[in-house]
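Below: the structure, in structure tokens.
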Amino acid sequence: MADFAYAFPHRHLLGIEGLNRLDIEQLLNLGDRYVELNQQRSKHVDVLAGQTLLNLFFENSTRTQSSFEIAGRRLGADVVTMSVATSSLKKGETLIDTAMTLNAMRPDLLVIRHQSSGAVKLLSRKVDCAVVNAGDGTHEHPTQALLDALTIRRRVGDIGGLRVAICGDILHSRVARSNVALLNILGAEVRLIAPRTLTPPGAEGWGATVFTDMRKGLEGCDVVMMLRLQQERMDGAYLPSAREFFHFYGLDAEKLACARPTAFVMHPGPMNRGVEIESGIADHKTRSLITEQVEMGVAIRMAVLETLAKNAPDIGSKNA
Amino acid sequence: MSERTILFNARLIDPASGRDETGGVVFENGVITDIGPHISRETERRNGVNFVRDAGGKVLAPGLIDLRVKTGEPGAESKETLATAGEAAAAGGVTTFVVMPDTDPVIDSVALVDFIKRRADGVAKVKIRPTGGLTVGLEGKKMAELGLIAEAGAAFFTNGDHPVEDAGLMRRAMQYASGFDALIASRPDTAALSRGTVMTAGAFAARLGLRGAPPEAEWIALERDLMLAETTGARLLVDCISTARSLEAVERARAKGVKVACSVAAYSLFFNEIDVGDYLTYCKVQPPFRTEADRMALVEGLARGAIDAVVSAHDPQPPEDKRLPIADASFGAIGLETLLPALLKLVAQEQISLAQALRPVTCGPASLLGLPQGRLETGAPADLVLFDPDTPWLCDRDLLLSRSKNSPFDGRRLEGRVLQTWVDGRTVFERK
Chain A
1 MADFAYAFPH RHLLGIEGLN RLDIEQLLNL GDRYVELNQQ RSKHVDVLAG
51 QTLLNLFFEN STRTQSSFEI AGRRLGADVV TMSVATSSLK KGETLIDTAM
101 TLNAMRPDLL VIRHQSSGAV KLLSRKVDCA VVNAGDGTHE HPTQALLDAL
151 TIRRRVGDIG GLRVAICGDI LHSRVARSNV ALLNILGAEV RLIAPRTLTP
201 PGAEGWGATV FTDMRKGLEG CDVVMMLRLQ QERMDGAYLP SAREFFHFYG
251 LDAEKLACAR PTAFVMHPGP MNRGVEIESG IADHKTRSLI TEQVEMGVAI
301 RMAVLETLAK NAPDIGSKNA
Chain B
1 MSERTILFNA RLIDPASGRD ETGGVVFENG VITDIGPHIS RETERRNGVN
51 FVRDAGGKVL APGLIDLRVK TGEPGAESKE TLATAGEAAA AGGVTTFVVM
101 PDTDPVIDSV ALVDFIKRRA DGVAKVKIRP TGGLTVGLEG KKMAELGLIA
151 EAGAAFFTNG DHPVEDAGLM RRAMQYASGF DALIASRPDT AALSRGTVMT
201 AGAFAARLGL RGAPPEAEWI ALERDLMLAE TTGARLLVDC ISTARSLEAV
251 ERARAKGVKV ACSVAAYSLF FNEIDVGDYL TYCKVQPPFR TEADRMALVE
301 GLARGAIDAV VSAHDPQPPE DKRLPIADAS FGAIGLETLL PALLKLVAQE
351 QISLAQALRP VTCGPASLLG LPQGRLETGA PADLVLFDPD TPWLCDRDLL
401 LSRSKNSPFD GRRLEGRVLQ TWVDGRTVFE RK
């Protein structure tokens, strides 16, 4: 696949907002190449040899954290992962102090997840290296949207003109925000399906059609993206019960029948089986892309890390 | 031997009397002794020391009165002390300010009111009046000793930034206070709707992934307080309204004869929700920046005289509480030095007149508290500010005198600078 003559113009990847179609396609094309590599027995390249990748996770994560670790290792980087318990921050060191301390250890790439919206952007202003947002609060999760796009592109084809439904807890979902932005840039028709209490104010203005009736919302959809019901973020009663949510918004065979007969099902994980998705659908051999999403995740993160590393100024030269 | 100051060739603006003319003032022993167009370079000197000064055609107005200031004294002096707040006030042309009771310990007793008064008299350049906590410890459970604290000299009663949730207690406090005609201030907020929020609710907050406070949080508490003021006959100051609908509600109640006044934070006249922009923690305030329609409605309210007081809502916060992700950062913005420039910006934009800008920071609050200052007239205290309404300047937080630097005006272009400030006839600030 030919390289673009277009150079990726961003130092960090903080969100989908601010990217254009070329940026995204460049990352997806590189991701495609890494999918091929990852299917070989020898998965190792050395494009990041000598560079240090620091994973800084302020919020617990299994799959995103290991996905970035594997991506970094396969590219030949030295990978260090720190799970920073929020309690240590409570001891007095501020988030920015932590960032400055780690910055002094001269990482080349910093992957950050934080429970507060805007926190990754705040940190990116204080460090010298390239920063990847691995999820900030309820704001953005750009690598998830990119891996979802790569998954769709490889299985369904051109994203332009597809009808994609995103269902569930939109209000608390950074995945939804990033996906709506990305799918709009690539020309998909986006539908948001959620009860009113989980629909963000002004969501109609995001470039999406909002539905409360899941059956109507799913009509004619090519892709159905389910979201995790973020119970841990709910400090009030947004819903009467998980049971009622499953009744109206859980994806089962009957509701899925409202979408196109060939429609694919996606979920960013981890799933609450029986709450937002029925096991039979989640494990469906031909229609569920859920494990494939995980595979694409490693490839797209390799693409992101390589692209940003190439862009980074040579910070080592400061020593000279 | 008495000292006598003659200031001439000033544009005298006095919202209380409607005066707007070129002339001068004479003051001695801290009191204005003569005022008017007849005062000039030739005004007769008398025995003793005479200071004669040409004001260069700049504006001379009553010193500003600010009904909402927090310092860190007592309890958090690293944020701000009465002395440093006094410096900032003098530089901003504020000659009297009222401190909120949200300190540690809370100002909810005669002893604390007395402490603030003595301390302020001793260390601060400007006049400082304490308020009394409406409830003990601002916990919203037990009424404070309102009568005794009023006698000790509290300007009014308020629960500060801990609005009273218990409507029964609020009603009894108003009933009780109405017995001696005390003023109760209440910032309308419904904790059940605003707890844990960062900015105003709406499409912009949703895009940023931030929890928003719906305006209903303000409206519900406001309607409750207006209703209680109506039935109890208490004097109510609705503290820091931030929406168009709140102003309508206050005006409706006022038309019905309810003894209600309202204040607006200067930032609510200047910023809207979009200014929170890139998660700017200096823009995290209570009440939050609202919509542009709300901001415009408040400016119009100012023009028609519906707003009794504009306040700085000065709330110093140190970097360790602001250099955080916005959800974790503290609320509050400093404002003493930007109160007048924020209003003068609206004048420069021809949205309000100079008198309309100055009324809610001079005679408006003075008459609410029954203060003799806040007006240019013979016999009034010589609390004065001389300013150039047209000087453009760029606000740089590091150049502000407040001990904390959390100003949302940082980097903003403002119009109008204070040249000199007098308290009781003494110069407390002069721009070099």
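Those sequence lines, one after another, are chains A and B.
Position one of the first sequence corresponds to residue 1 (my numbering), numbered consecutively onward.
Position one of the second sequence corresponds to residue 1 (my numbering), numbered consecutively onward.
Ideal placement from N, C-alpha and C gives every residue a C-beta, glycine not left out.
inquiry  = Taking the straight line between their C-alpha atoms, what separation do you get for ASP34 (chain B) and LEU183 (chain B)?
reply    = 33 Å
ask   = Which bits of chain B does PRO200 (chain A) rub up against, with CB to CB less than 7 Å?
value = ALA206
key: Candidates A:ASP32, A:VAL127, A:LEU22: closest to MET302 (chain A) by CA position   = A:ASP32
task = On the DSSP bridge assignment, give the partners of ASN50 (chain B) in chain order.
result = B:ARG4
request  = Say whether chain A places a C-beta atom closer than 8 Å to the C-beta of LEU324 (chain B).
outcome  = yes
ask   = Beta carbon of SER268 (chain B), beta carbon of ARG68 (chain B): below 8 Å?
value = no
message = I believe HIS335 (chain A) touches ALA119 (chain A) by the beta-carbon criterion, under 8 Å. Please report the beta-carbon distance rounded to the nearest angstrom.
response = There is no way to answer for residue 335 (chain A), as the model of chain A reaches only from 1 to 320.
task = With a cut-off of 8 Å on the beta carbons, I'd call ILE166 (chain A) and LEU227 (chain A) a contact; round off their distance for me.
result = 7 Å
inquiry  = At 4 residues or longer, what runs of the alpha helix (DSSP H) sit wholly inside the stretch 62-134 of chain B?
reply    = 82-91, 110-123
key: Residue burial classification, LEU394 (chain B) (beta-carbon count within 10 angstroms, cutoff 16)   = exposed
request  = State the Cα-Cα distance for the pair LYS79 (chain B) and ALA134 (chain A), rounded to the nearest angstrom.
outcome  = 35 Å
query = Can you find a C-beta in chain B that's less than 8 Å from the C-beta of ILE96 (chain A)?
reply = yes
inquiry  = Tell me which residues share the same chain as PRO15 (chain B) and place their Cβ nearer than 7 Å to its Cβ, disregarding the 5 neighbours each side in the sequence.
reply    = ALA355, LEU358, ARG359, THR362, CYS363
key: VAL275 (chain A) to ALA237 (chain A) span [Cα, whole Å]   = 16 Å
request  = Consult DSSP for PHE58 (chain A) and reduce its assignment to one of helix, strand or coil.
outcome  = coil
message = So, with DSSP's three-state summary, where would you put SER87 (chain A)?
response = Model confidence at SER87 (chain A) stands at a pLDDT of 49, short of 50, so the residue's coordinates are unreliable and nothing is read from them.
task = For the beta strand (DSSP E) holding ILE32 (chain B), just list the boundary residues, first then last.
result = 31-36
key: Distance between LEU419 (chain B) and ASP23 (chain A) (C-alpha atoms, nearest Å)   = 53 Å
request  = Measure the alpha-carbon distance for PHE58 (chain A) versus LEU134 (chain B) and round it to whole angstroms.
outcome  = 41 Å
Chain A within 8 Å of ALA201 (chain B), Cβ atoms only = yes
ask   = Taking the continuous beta strand (DSSP E) assigned at ALA249 (chain B), which residues delimit it?
value = First-last for ALA249 (chain B): 244-255, but that is the alpha helix (DSSP H), not the beta strand (DSSP E).
request  = Taking the CB atoms as reference points, tell me whether SER109 (chain B) and GLU145 (chain B) lie closer together than 8 Å.
outcome  = yes
ask   = With a CB to CB cut of under 6 Å and the five nearest residues on each side skipped, what residues in its chain are close to GLY297 (chain A)?
value = SER67, LEU147
Positions along the stretch 113-129 of chain A whose CB lies within less than 7 Å of some CB in chain B = HIS114, SER116, SER117, GLY118, ALA119, LYS121, LEU122
query = How many angstroms separate the CA atom of GLU77 (chain A) from the CA atom of GLY92 (chain B)?
reply = Just to set this straight, residue 77 (chain A) is Ala in the shown sequence, not Glu. C-alpha separation (whole angstroms): 55 Å.
message = For a quick check, are the C-beta atoms of SER242 (chain B) and LEU222 (chain B) less than 8 Å apart?
response = no
task = Measure the Cβ-Cβ separation of ALA206 (chain B) and PRO201 (chain A) and say whether it is below 8 Å.
result = yes
inquiry  = Under 8 Å, with one C-beta from each stretch per pair, do the stretch 296-307 of chain B and the stretch 214-231 of chain B reach the 3-pair mark?
reply    = no
request  = Indicate whether ILE152 (chain A) and VAL224 (chain A) have their beta-carbon atoms separated by less than 8 Å.
outcome  = no
ask   = Smallest Cα separation from GLN230 (chain A): which of A:SER173, A:ALA181, A:ASN184?
value = A:SER173
message = I'd like to confirm the pairing. Which residues does DSSP put opposite GLY23 (chain B) in its beta bridges?
response = B:ALA10
query = According to DSSP, is GLN114 (chain A) helix, strand or coil?
reply = A small fix is needed here, since residue 114 (chain A) is His in this sequence, not Gln. Note: HIS114 (chain A) maps to strand in three-state DSSP.
task = Examine chain A for any beta-carbon lying closer than 8 Å to the beta-carbon of GLU495 (chain B), and answer yes or no.
result = This structure gives no information on residue 495 (chain B), because the portion of chain B shown stretches from 1 to 432.
request  = Hey, could you find the ends of the alpha helix (DSSP H) THR212 (chain A) is sitting in?
outcome  = Per DSSP, THR212 (chain A) belongs to no alpha helix (DSSP H) and is neither H nor E.
Distance, LEU82 (chain B) Cα to GLY72 (chain B) Cα = 8 Å
key: Paired residues, beta bridge with ALA213 (chain B) - DSSP   = B:THR200
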